[in-house]
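Below is one structure; the comments refer to it alone.
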Amino acid sequence: MPLGDGRLSHDLDSSDRPPQDACGVFGVWVPADQASRAEVSKLTYYGLYALQHRGQESAGIAVSDGSRIVVFKDMGLVAQVFDESVLNTLRGHIAVGHCRYSTTGSPTWENAQPTFRSSDAGGLALTHNGNLINTPELAARLAPGVLTATTDTEVLTALLATHGEGPLAAAREILPATRGAYSLVFMDEETLYAARDPEGVRPLVLGALEDRGWVVASETAGLDIVGARFVREIEPGEMVAIDGAGVRSERFAEARPKGCLFEYVYLARPDTSIAGRSVQATRVEVGRRLAREHPVEADMVIPTPESGTPAAIGYAEASGIPYGQGLVKNSYVGRTFIQPSQTIRQLGIRLKLNPLREAIEGKRLIVVDDSIVRGNTQRAIVGMLRDAGAAEVHVRISSPPVSWPCFYGIDFATRAELIAGNLSVEGIRDSIGADSLGFISLDELISASQIAKDNLCRACFDGVYPIPVDEAARGKHLLEVT
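Given below as C-alpha cells:
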C-alpha cells in the first residue's frame, strides 16, 4: 500500500472528489555542450513540481544524451518519485516529463508516463495531456499484442514509434487522424517535439532559456519556475520540432480553437496566463460579475480556501462587503491512505478546514467557491459554519452549474453523479443547506475570460461538445479487458 504523502491536495472531502485534469506535460532541449551545466532532469523536475496540480497519481521523466533514452517513472507525487540521486542518473540534453491523473486507463505503473517505445529507427518517449475520443479506431491500426498498457497515450506512442520513418513523418500521418484533446510533448534521441490538437482544448506554451535552450510546458507557471521566457503558445493544429537547427514549425491541421473554459475556473494555476489573459485576473473579474448577478445583504465575504479566493476578492470588491477569512486550511494535511473509522469519518472535512469562530459567529456570510460537483463539500462547509455560529450562509459559485461530463481530459463524474445534472439550483441549495445559492451565468463567465464564445469548449456547462464523442469511445477503462 502506498504511503500518505502529508502534502496538501485539492480535495477537501475524499467522497466529493473535485474535477481532476488529466496531466501536466513538460519538455526541455538545450545544446549538447550545455548539458552538464543545464541539468535537464532537474529543470524537468522543477517544471513538473509547478504543474503538480494537474495530476497527482504518478510522475515520470525521460532523458536523452543523444544516443539513448532513459526513462524513470513511478506512482506518487513528483517529490515522492524523484530525489537527488535519481535525478543525477538522468543525464542528457533533452528531457520530457509528466505528472498524471488518469482519464483513460487505471492508475497503475504501466500506465504512468512518459510512455516509451524502441524501434529500428530509435527510441520514442511521449507525454500527453488530454483525452483522445477515437482510441478504439486508432488501436485497430496496431497488430494484436503490441500494446503493453491501457491508455490512449500508449496507443499513440505505438503508432508513432512503429511508423518506420521517424517521429516527424509518423506524426504528419497519425495526428490528422487523431481526434480529441491532446497536448503532446515527445522526443527521440536528438529532437524535442510538441503538438497540440486542432481545437487546442488543453494549453501548451513555448519558452526560451538562456544559452539557446527551449522549454515546452502545459502552463506558463512551468516556464516561470525554471527561468524560461514565455515566447508564445503552441497553436492549435501545430507541431514544432526543436534541435540544433532551432525551432521548426509546421501545421498538420487547420486551427479550430476550442480552449477549455474550465481552465480559467479551476484547473490552471492562478499565476498562469492563457491566451494572454491572467488566470488570477479572470477569476477576480468573475467574482465581480458574480456579485452583480447575485447580490445579497451580508456582513462578510469568505472563500473556500484556496480555490475560491480570487473570486471572493472580486465579489467583496464589487459588493462593498468586507472580505475576511472564515475558514483555515491545514496546509500540512493532504492525501492519506489511512482508512478512517466511522467516528473519525464523521469529523469529515475538519481534517483540512476549520472555522474561525470569532470571525464568523453571529454574522451573515457569503461563501465563494469555484464549482460544485457532488455537493458533499459545500454541504459540510455550510453545516460547519452554522455550527460555529454563522447567522446566515449564502453560497456563491464562480462557474455555472457543472451538468455534463467531460471527454476531453477532465475526470468529471458521470452525469448521474453530478448534482447539477439531477437537481435545479433551488434543489441544490436545499441539498447543501444554504440560505441562498447563486451561480455565475455562462455568458458572464465567458465575457470575463475575454475569449470569443465560439472559441471555447463549454461542454461541461451547456452539453455542447465541439468534438462529437461516440458512445463506444467513452469510458476510462475502454482498453481494459474485464
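Taking the working numbering, I'd label the letters of the sequence shown as residues 14 to 495.
For every residue, glycine included, the Cβ atom is placed at its ideal position computed from N, Cα and C.
Being a predicted model, the structure only gives us computed values, none of them experimental.
To the nearest angstrom, how far is it from the Cα of R370 to the Cα of H111? As a position in the sequence shown, residue 370 is number 357, starting the count at 1. As a position in the sequence shown, residue 111 is number 98, starting the count at 1. Rounded to whole angstroms, R370 to H111 spans 42 Å at the Cα level.
Cβ separation of I107 and V76, assumed to be a contact under 8 Å, to the nearest whole Å: Position 94 of the sequence shown, counted from the first residue, corresponds to residue 107. Position 63 of the sequence shown, counted from the first residue, corresponds to residue 76. Their Cβ separation, rounded to whole angstroms, is 7 Å, which keeps I107 and V76 in contact under 8 Å.
P157 burial status per 10 Å Cβ neighbour count (16 or more: buried): Taking the first residue of the sequence shown as position 1, residue 157 is located at position 144. Burial call: exposed.
For P211, the nearest candidate out of V244, R269, I238 and G235 (CA to CA): Translated into positions along the sequence shown, residue 211 becomes position 198. The shortest Cα separation from P211 among V244, R269, I238 and G235 belongs to R269.
V218 versus I247: straight-line alpha-carbon distance, rounded: As a working mapping, residue 218 is identified with position 205 in the sequence shown. As a working mapping, residue 247 is identified with position 234 in the sequence shown. Looking at the two C-alpha atoms, the distance is approximately 5 Å.
What separation, rounded to the nearest whole angstrom, lies between the Cα atoms of Y478 and S437? Locating residue 478 in the sequence shown gives position 465, where the first residue counts as 1. Locating residue 437 in the sequence shown gives position 424, where the first residue counts as 1. Taking the straight line from one Cα to the other gives about 22 Å.
Hey, how far is the Cα of V228 from the Cα of V38? The residue labelled residue 228 in the question sits at position 215 within the sequence shown. The residue labelled residue 38 in the question sits at position 25 within the sequence shown. For V228 and V38, the distance between alpha carbons rounds to 11 Å.
Taking Cβ to Cβ, would you say Y195 is nearer than 8 Å to G143? Counting from one through the sequence shown, the residue named residue 195 turns up at place 182. Counting from one through the sequence shown, the residue named residue 143 turns up at place 130. Yes, these two residues count as a Cβ contact at 8 Å.
Does the distance from the CB of Y328 to the CB of I379 come in under 8 Å? Stepping through the sequence shown from its first residue, residue 328 is reached at position 315. Stepping through the sequence shown from its first residue, residue 379 is reached at position 366. Going by C-beta atoms, Y328 is nearer than 8 Å to I379.
Which residue's Cα is closest to the Cα of A183: M252, P216 and A162? In the sequence shown, the residue the question calls residue 183 occupies position 170. If we check each option's Cα against that of A183, M252 comes out closest.
Span of the alpha helix (DSSP H), counted from its first residue to its last, around I187: Translated into positions along the sequence shown, residue 187 becomes position 174. Residues P180 to I187.
Does the distance from the CB of I385 to the CB of V415 come in under 8 Å? Walking along the sequence shown from the start, residue 385 turns up at place 372. Walking along the sequence shown from the start, residue 415 turns up at place 402. Against a cut-off of 8 Å, the Cβ pair of V415 and I385 comes out as a contact.
Select from D256, A403, T233 and A221 the residue whose C-alpha is nearest the C-alpha of P44. Taking the sequence shown and counting its residues from 1, the one referred to as residue 44 is at position 31. When only C-alpha atoms are compared, the closest one is D256.
Is F95 helix, strand or coil when you go by DSSP? On the sequence shown, residue 95 is found 82 positions in, with the first residue counted as 1. In the structure shown, F95 sits in coil (DSSP, three-state: anything other than H, G, I, E or B).
On the three-state DSSP scale, how would you describe D483? Within the sequence shown, residue 483 is the residue found at index 470, counting from 1. Three-state result, D483: coil.
On a CA-only basis, which of M88, G333 and E298 is nearest V314? Give me that one, please. Residue mapping note: residue 314 aligns to position 301 of the sequence shown, counting from 1. Of M88, G333 and E298, the residue nearest in Cα terms is G333.
Less than 8 Å between the C-beta atoms of A125 and G73, yes or no? In the sequence shown, residue 125 corresponds to position 112, counting from 1. In the sequence shown, residue 73 corresponds to position 60, counting from 1. Yes.
Answer yes or no: do L151 and T102 have a C-beta to C-beta separation smaller than 8 Å? What you label residue 151 is simply residue 138 of the sequence shown in a count that begins at 1. What you label residue 102 is simply residue 89 of the sequence shown in a count that begins at 1. The answer is no: Cβ separation not under 8 Å.
For L455 versus R442, is the C-beta spacing smaller than 8 Å? In the sequence shown, residue 455 corresponds to position 442, counting from 1. In the sequence shown, residue 442 corresponds to position 429, counting from 1. In this structure, R442 does not lie closer than 8 Å to L455 by Cβ.
Starting from the C-beta of D201, find all residues in its chain whose C-beta is less than 6 Å away, skip the five residues before and the five after it, and write them out in chain order. Residue mapping note: residue 201 aligns to position 188 of the sequence shown, counting from 1. For D201, where only same-chain residues beyond five positions count, the Cβ hits under 6 Å are G135, L137 and P180.
Give the secondary structure of F474 by DSSP, where H, G and I count as helix, E and B as strand, and everything else as coil. On the sequence shown, residue 474 is found 461 positions in, with the first residue counted as 1. If DSSP states are grouped into helix, strand and coil, F474 belongs with the helices.
Along the chain, where does the beta strand (DSSP E) that runs through K86 open and close? Here residue 86 is taken as the residue at index 73 of the sequence shown, counted from 1. Per DSSP, K86 belongs to the beta strand (DSSP E) from I82 to M88.
Name the DSSP bridge partner or partners of K342? Reading the sequence shown from its first residue, position 329 is the one you call residue 342. DSSP lists L366 as partners of K342.
Starting from the Cα of R81, find the closest Cα among A92, S132 and G89 and give me that residue. By 1-based counting over the sequence shown, the position of residue 81 is 68. Among A92, S132 and G89, the Cα nearest to that of R81 is on S132.
Element boundaries [beta strand (DSSP E), containing G5]: Residue 5 cannot be examined here, being either before or after the span of the chain that is shown, 14 to 495.
Exposed unless 16 or more other CB atoms sit within 10 angstroms - verdict on G235: Position 222 of the sequence shown, counted from the start, is the residue given in the question as residue 235. G235 should be labelled buried.
Whole beta strand (DSSP E) elements within the region 193–271, 3-residue minimum: 193–200, 205–209, 218–221, 227–230, 242–246, 251–256 and 259–264
My output table needs one value for G79: the three-state DSSP class, helix, strand or coil. On the sequence shown, residue 79 is found 66 positions in, with the first residue counted as 1. Coil, per DSSP.
Helix, strand or coil for F452, going by three-state DSSP, please let me know. Within the sequence shown, residue 452 is the residue found at index 439, counting from 1. Three-state DSSP puts F452 in a strand.
Exposed unless 16 or more other CB atoms sit within 10 angstroms - verdict on A466: Start at 1 with the first residue of the sequence shown, and residue 466 comes out as number 453. Note on residue identity: the sequence assigns Lys, not Ala, to residue 466. Classification of K466: exposed, given that the 10 Å Cβ count is below 16.
So the beta strand (DSSP E) V406 belongs to, where does it begin and stop? Stepping through the sequence shown from its first residue, residue 406 is reached at position 393. Start and end: E405 to I410.
I'd like to check one pair, R302 with A433: are the Cβ atoms closer than 8 Å? Residue numbering aside, residue 433 sits at position 420 when the sequence shown is read from its first letter. Residue numbering aside, residue 302 sits at position 289 when the sequence shown is read from its first letter. No, the Cβ-Cβ distance between A433 and R302 is not below 8 Å.
Nearest CA to the CA of L188: which residue from E267, A241, V239 and F129? Here residue 188 refers to the residue found at position 175 when the sequence shown is read from its first residue. Among E267, A241, V239 and F129, the Cα nearest to that of L188 belongs to E267.
Unbroken alpha helix (DSSP H) run spanning A324, endpoints: One-based indexing of the sequence shown puts residue 324 at position 311. T322 to S332 is the span of the alpha helix (DSSP H), which, as asked, contains A324.
I think H141 touches R282, with their Cβ atoms under 8 Å apart; what is that distance to the nearest whole Å? On the sequence shown, position 128 is the one that residue 141 refers to. On the sequence shown, position 269 is the one that residue 282 refers to. Not a contact, Cβ separation roughly 20 Å.
Same chain, Cβ closer than 6 Å to F95, neighbours up to 5 away in sequence not counted: Here residue 95 refers to the residue found at position 82 of the sequence shown. So the list reads Y58, once near-sequence residues are dropped.
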